[in-house]
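Notes follow once the structure below has been shown.
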Amino acid sequence: MRDSTNPGAPLLEVTDLVKHFPIKRGILIDREVDQVRAVDGVSFRVEQGETLGLVGESGSGKSTACRAVLQLIKPTSGSVRFEGREISGIGRREMRPLRREMQMIFQDPYASLNPRKRIGQIVGDPLKRQGIASGSELRRQVQELLERVGLSSEHYNRFPHEFSGGQRQRIGIARALSLKPKLVICDEPVSALDVSIQAQIVNLLDDLQDEFGLAYLFVAHDIGVVRHISDRIAVMNEGKIVEQGSADQVCENPQDEYTKKLLAAVPIPDPRESRERHSGSVQ
Amino acid sequence: MSPAPLLSVSDLRVGFATEEGVVQAVDGISFDLRPGEVVAIVGESGSGKSVTAQTIIGLTRANNARIEGSVKLEGEDLLSASDSDLRRLRGDRIGMIFQDPMTSFNPVYRIGDQIVEAIRAHRETSKSEGKRRVVELFEAVGIPNAERRVDDYPHEFSGGMRQRAMIAMALALEPEVLIADEPTTALDVTIQAQILGLLEQLNRERNLATILITHDLGVVAEVADRVLVMYAGKVVEEGTLDEIFYDPQHPYTWGLLGSLTRIDRPRPHRLPQIAGSPPSLLDLPDGCPFRPRCPHEFSKCPQYPGLEARLPEAADHRDRCWLTPEEKKAKRLVEGQIGLEPPPEVRQA
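Respectively, the protein sequence lines represent chains A and B.
Residues in the first sequence are numbered from -14 upward in steps of one, following the numbering used here.
Residues in the second sequence are numbered from 29 upward in steps of one, following the numbering used here.
In structure tokens, the structure reads:
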């Protein structure tokens, strides 16, 4: 057995993670002509209870990296250790108990909830599948979760279409938390929401982190939001991490050109500052 | 010095009959748009900002819609215009760009051909002449290799490039008015900055008048001249860009300003947030519809105040809140770092 859980190890440690997608061409026989280097040697770690922000633009490979960490897609190479244990390349069955510990919140609250299922089922399914609760106990736990994320226990029997984008994202959060994970991977959890609702969700994630001691891998393209929620930030561009450091360090004293470019593009909600910035810069 | 308005919207009301009752999506909005000016309409989903924009160009005409008030383009009433008159105006005098560049083009036709078709619907030009024009437009909006890209299909364009192509199409007939509905919401920040820069350049160089619809005051700060803040179908505050940012009068505006993450300031322990969600338009509370979410509700709020000038020194700044300007100044400071830097030059301007 290689169940080598190491108490001193970081919660999640990713080393030299690589995911290449082949580009194939050919009429009868597919030949691999090239590769898309979506994730090209990425290393980072997430400690217990901490938030690592992974920021980058579309196509930077950040979502692919998340999926490879969770083994939702098979990494080409590299190591993913969870509590010291290597999970890259292990079988589905071996992975299953670990799924309790690592959950995911998705970007699109309209596409990530099954429209035919009631909220109670959506949130309760992980509990049922992992054999944690059933019957009236399941219902009680789900209703408690719904209330914890700012919904009402009466929402148990409703369908996703009856909810706004922000409320749907709360449902996704309740589903991710139902198994009391140690790590939650949040893939652009607020970018589809109104700015006012973004703040609610960010604050909720903050509160839940304090309450349950969660660690987040928070993936987003908006470095403003990432800075607010993260302890540390890793900036990703073209499949590689170009800069990594504490949130304030990266945002206030960026070293990499790409990080600087990203920061300069964030709109500043202050007309005078914005005018100053434009008159000084070459757009 | 202000020139005559190009587009004048007055007391526009748009209601939709549904099975559950009439949804009054837009409830009496008025504003003027002058050449070269950018008016931003800001609000959350369901505030009526997009319906306002769509009604201006006649996209909300439907059997269940009731549209009242007037929308005048240099005196010509658009609300009573016939469908064929509207078709003539759309694209020709009023261009529109939509939020979602992914679904705004037909996926089975080449992008260039779609724009040529739009041009030829209004102007007598040959196809080759039209295509030359599209190449010019692509170059103007910063699409590289324009010559080659006109023959591409929509899926071969990235999100930012598709939005540029949308802008090229909206500008093809050199309209005087551009309506931009969340033009950068689906884009990365670096692409957003480029698109906003492009819009600003068009305003300056072509004297284009723009209505910008957005939920993000950060975007507004970059490009707008005047701002209307909408809530539940009504304008709750309107003023110049600087007034809205440095002397906001309505608690809802404070909420919108406060909930922004700002990289130019030390991060707060918690983001100020607006509690709850926008009300259902079928079941509005009596009085001020923001009341249930407002931390400053008091005895006068069950009555809805009119949109009035409440600041003695700014006659064009109107809002719907009963608090006195002094109370507002004190309360918004408590609520967050809002209106913190009232620059002296704003008031004198």
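Don't be surprised by glycine CBs; every beta carbon is placed ideally from N, CA and C.
- Straight-line measurement puts the Cα of B/Arg290 at about 24 Å from the Cα of B/Gly188.
- In this structure, B/Ala249 is the residue among B/Ala249, B/Ile241, B/Gly261, B/Lys262 with its C-alpha nearest to the C-alpha of B/Asp270.
- B/Cys316 sits in coil when the DSSP states are folded into three classes, being neither helix nor strand.
- Contact with chain B is found for A/Gly150, since one of that chain's Cβ atoms lies less than 8 Å from the residue's Cβ.
- The segment 238 to 256 of chain B makes no contact with the segment 238 to 247 of chain A; the number of CB pairs closer than 8 Å stays below 3.
- At a cut-off of 8 Å, the C-beta of B/Ser78 has no neighbouring C-beta in chain A.
- The residue from A/Lys4, A/Glu258, A/Pro82 with its alpha-carbon nearest to that of A/Lys167 is A/Pro82.
- Taking all protein chains shown into account, B/Pro135 has fewer than 16 neighbouring C-beta atoms within 10 Å of its C-beta and is therefore exposed.
- Proximity of A/Leu199 to chain B, defined by a Cβ-Cβ separation below 8 Å, is not satisfied.
- Considering only B/Leu215, B/Arg138, B/Ala358, the residue with the shortest C-alpha distance to B/Val178 is B/Arg138.
- Apart from the 5 residues on each side of it in sequence, B/Pro307 sits with its Cβ closer than 8 Å to the Cβ of Ala260, Pro313, Pro317, Pro320 in its chain, given in chain order.
- Annotated as distal: A/Ile170 and A/Leu190, with beta-carbon spacing of 8 Å or more.
- Within 9 Å of the CB of B/Ser308, no CB atom of chain A is found; the nearest one sits about 10 Å away.
- Residues of the segment 175 to 191 of chain A with a C-beta less than 8 Å from any C-beta of chain B: Asp179, Val180, Ser181, Ile182, Gln183, Ala184, Gln185, Val187, Asn188, Asp191, listed in chain order.
- Three or more Cβ pairs drawn from the segment 200 to 215 of chain B and the segment 136 to 155 of chain B lie within less than 8 Å of each other, which places the two stretches in contact.
- Straight-line measurement puts the Cα of A/Gly74 at about 14 Å from the Cα of A/Asp1.
- Within the segment 266 to 294 of chain B, Leu269, Asp270, Phe273, Gly283, Leu284, Leu285, Ser287, Leu288, Thr289, Arg290, Ile291, Asp292 place their CB atoms closer than 7 Å to a CB of chain A, listed in sequence order.
- Taking C-alpha positions only, B/Ser110 is separated from A/Gln56 by approximately 58 Å.
- In this structure A/Thr36 is buried. Its beta-carbon is surrounded by 16 or more other beta-carbon atoms within 10 angstroms.
- For B/Ala249, the C-beta contacts it makes with chain A under 7 Å involve Pro252, Ile253, Pro254, Asp255, Pro256, Ser259, in order along the chain.
- Of all alpha-carbon atoms in B/Glu65, B/Phe126, B/Arg348, B/Val217, the one lying nearest the alpha-carbon of B/Ala193 is that of B/Phe126.
- In this structure, the straight-line span from the alpha carbon of B/Thr88 to that of A/Glu79 is close to 55 Å.
- The C-beta of A/Asn99 has fewer than 16 other C-beta atoms within 10 Å across all chains shown, which makes the residue exposed.
- For B/Ile95, the beta-bridge partners assigned by DSSP are B/Val42.
- Shortest Cα-Cα distance from B/Leu285 to any of B/Asp55, B/Leu309, B/Glu72, B/Leu35 involves B/Glu72.
- The C-beta of B/Pro300 comes closer than 8 Å to at least one C-beta of chain A.
- Within the DSSP secondary-structure output, A/Tyr141 pairs in no beta bridge.
- A/Glu228 has A/Val220 as its beta-bridge partners, per DSSP.
- By the rule that beta-carbons nearer than 8 Å mark a contact, A/Asp207 touches chain B.
- For the C-beta of A/Arg212, the chain B residues within less than 8 Å are, from N- to C-terminus, Thr289, Ile291, Arg295.
- When the five nearest sequence neighbours on each side are left out, the beta carbons in the same chain lying within less than 7 Å of the beta carbon of A/Arg160 are those of Ile107, Val108, Pro111, in order along the chain.
- With contacts defined as CB atoms closer than 8 Å, A/Glu68 and A/Leu164 fail to qualify as a contacting pair.
- Contact annotation: A/Leu199 and A/Leu193 have beta-carbon atoms nearer than 8 Å.
- Contact of B/Gln220 with chain A is assigned, a C-beta pair being separated by under 8 Å.
- Note: B/Tyr259 is bridge-paired with B/Lys262 in the DSSP secondary-structure output.
- Contact with chain B is absent for A/Glu129, since none of that chain's Cβ atoms lies less than 8 Å from the residue's Cβ.
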